[in-house]
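Peer 1: For the sequence shown, my numbering begins at 15 and goes up steadily by one.
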Amino acid sequence: VQLQASGGGSVQAGGSLRLSCAASGMILSTFSSSEMGWFRQAPGQERELVAGVRSGGGANYVDSVRGRFTISRDNHKKAVILQMNSLKPEDTAVYYCRMSKYGREYWGKGTQVTVSS
Numbered sequence: 015v016q017l018q019a020s021g022g023g024s025v026q027a028g029g030s031l032r033l034s035c036a037a038s039g040m041i042l043s044t045f046s047s048s049e050m051g052w053f054r055q056a057p058g059q060e061r062e063l064v065a066g067v068r069s070g071g072g073a074n075y076v077d078s079v080r081g082r083f084t085i086s087r088d089n090h091k092k093a094v095i096l097q098m099n100s101l102k103p104e105d106t107a108v109y110y111c112r113m114s115k116y117g118r119e120y121w122g123k124g125t126q127v128t129v130s131s
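1) May I ask you to list the residues that DSSP assigns as paired with Asn-74?
2) So the beta strand (DSSP E) Leu-33 belongs to, where does it begin and stop?
3) Which one of Ser-130, Ser-34, Val-108 has the shortest CA to CA distance from Arg-87?
4) According to DSSP, is Glu-119 helix, strand or coil?
5) Give every residue of the same chain whose Cβ lies closer than 6 Å to the Cβ of Met-2, excluding the five residues on either side of it in the sequence, and list them in chain order.
6) What are the boundary residues of the alpha helix (DSSP H) that Thr-44 is part of?
7) From which residue to which residue does the beta strand (DSSP E) around Arg-54 run?
8) Where DSSP assigns a beta bridge to Gln-26, which residues make up the other side?
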């Protein structure tokens, strides 16, 4: 199982970024029945769940991003997307994609998001 995150970068406050996580090394049914999530870790802070999407499509968000971020999944492409709007400097962090299946977790390499004021 491999998860490849992309789409990070630098943006000014109020801007938008779109993160993508492409999964490989699994059959489609395994991906579509997995829980997917985006986490982030800022310097000196613990990694936190930003948004998660269940196999049925239901999503949950940390309070600080609700209404600004949207998580979605494209099972046919084995991908999960995080659309981030109205970005704030406090959103600056390394963002990680995670897949949960059969009690196991798989992590992708992070992608840096930097928001300047």
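Think of the CB as a built atom: it goes at the ideal place given N, C-alpha and C, for glycine as much as any other residue.
Peer 2: So, to answer that:
1) Gly-66
2) 31-38
3) Ser-34
4) strand
5) Here the chain comprises residues numbered 15 to 131, so residue 2 is not present and cannot be evaluated.
6) 42-46
7) 49-55
8) Ser-130
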